[in-house]
Amino acid sequence: MIPLGHYLIVSAILFAIGAAGVFLRRNLITILLSIEIMLNAVNLSFVAFGRQLGSFDGQIITFFVIAVAAAEAAVGLAIVIGLYRHRESLNPDAFTLLKW
Amino acid sequence: MPETLVFYVLSGVAIATSALVIGQRNPMYSVLLLVASFGALAGLYIQLDAPFVAVAQIIIYAGAVMVLFLFVVMLLNAPREDAAEWDRTHPLRQPAFARFGGLLALVLVLQLAWALLSATGVDAPVASRAGSEVVGSVRALGRTLFTDYVFAFEATSILILVAMVGAVVLARREGDQS
Chain A
1 MIPLGHYLIV
11 SAILFAIGAA
21 GVFLRRNLIT
31 ILLSIEIMLN
41 AVNLSFVAFG
51 RQLGSFDGQI
61 ITFFVIAVAA
71 AEAAVGLAIV
81 IGLYRHRESL
91 NPDAFTLLKW
Chain B
1001 MPETLVFYVL
1011 SGVAIATSAL
1021 VIGQRNPMYS
1031 VLLLVASFGA
1041 LAGLYIQLDA
1051 PFVAVAQIII
1061 YAGAVMVLFL
1071 FVVMLLNAPR
1081 EDAAEWDRTH
1091 PLRQPAFARF
1101 GGLLALVLVL
1111 QLAWALLSAT
1121 GVDAPVASRA
1131 GSEVVGSVRA
1141 LGRTLFTDYV
1151 FAFEATSILI
1161 LVAMVGAVVL
1171 ARREGDQS
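Chains as they are written, first to last, in our numbering: chain A, 1 to 100; chain B, 1001 to 1178.
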């Protein structure tokens, strides 16, 4: 059997990749994808902990994370479409109206 | 041991495809690679005796959410990122920002490593504790979901309704009153 620590290491690596993606990519859609990677990394550690502790709570929280991620993707992509109509660009540097 | 081998293959695929997702300049390839990453994660969920989560992952994430992303990529005809423009305008090209960002990245890596190293009991195989045999049962999972977590479940339905209405309102053209 696989030790719990290995799942946690995979989860940490995936989370770090997602965080790096948010900062490195200059494309709103890829940034949203990186957020999905981070959410999935957390899901993996929830399920692994739930398995370790013999309870359903990890899996159930994962369902709620998936539901919230679906809602977030729908609203986030609607905002991306609205922004693209205004600026004809997906580069986050193009949206500086709120920047001081 | 085949189980260990499957674990390493699946996690290797998940990590490699996720790294490629953020290494791509073309958003189309990023979305398709992320579907592969989610598939590998679903395999890991099956190994963790969570078949329902694995199926939900495939149907909702790889199915619905990623198709939504693909729709938007195609709808906007999303351009590739321009490598030359990236080199010229990315904030991390400025030395001060790059140093500060590197510092923050180091802090994140150190925190994750510290959390993993200081955790106790993570060397025991998952499911080695008593009472952890029933986790795979979808029947018991559904019962817990609709008794202990019924309020959160209903609140989620409201959340999704609000998100749906919000997406329609946000994506509507301005001045379109119909």
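A virtual CB, placed ideally from N, CA and C, is assigned to each residue, including glycine.
Under DSSP, A:P3 forms a beta bridge with B:P1125. Under the Cβ criterion of 8 Å, B:A1064 is counted among the residues facing chain A. Taking 8 Å as the cut-off, the Cβ atoms of B:F1069 and A:I29 count as close. Straight-line spacing of the CA atoms in B:V1009 and B:P1091 works out to 36 Å. Pairing B:I1046 with B:L1145, the inter-Cα distance amounts to about 19 Å. Taking 4 residues as the minimum length, the alpha helix (DSSP H) runs contained wholly in the region 1012–1068 of chain B are 1027–1047 and 1051–1056, in order along the chain.
Contact between B:A1042 and B:I1022 is absent: CB atoms are separated by about 20 Å, not below the 8 Å threshold. Interface flag for B:G1043 against chain A is unset, since no Cβ pair is found closer than 8 Å. Along the region 82–96 of chain A, going in chain order, the ones with a CB nearer than 9 Å to a CB of chain B are G82, Y84, R85, S89, L90, N91 and D93. The contact set of B:D1087 on chain A, defined by CB atoms closer than 9 Å, is empty, because the minimum CB distance reaches about 11 Å. At least one beta carbon of chain B lies nearer than 8 Å to the beta carbon of A:I29.
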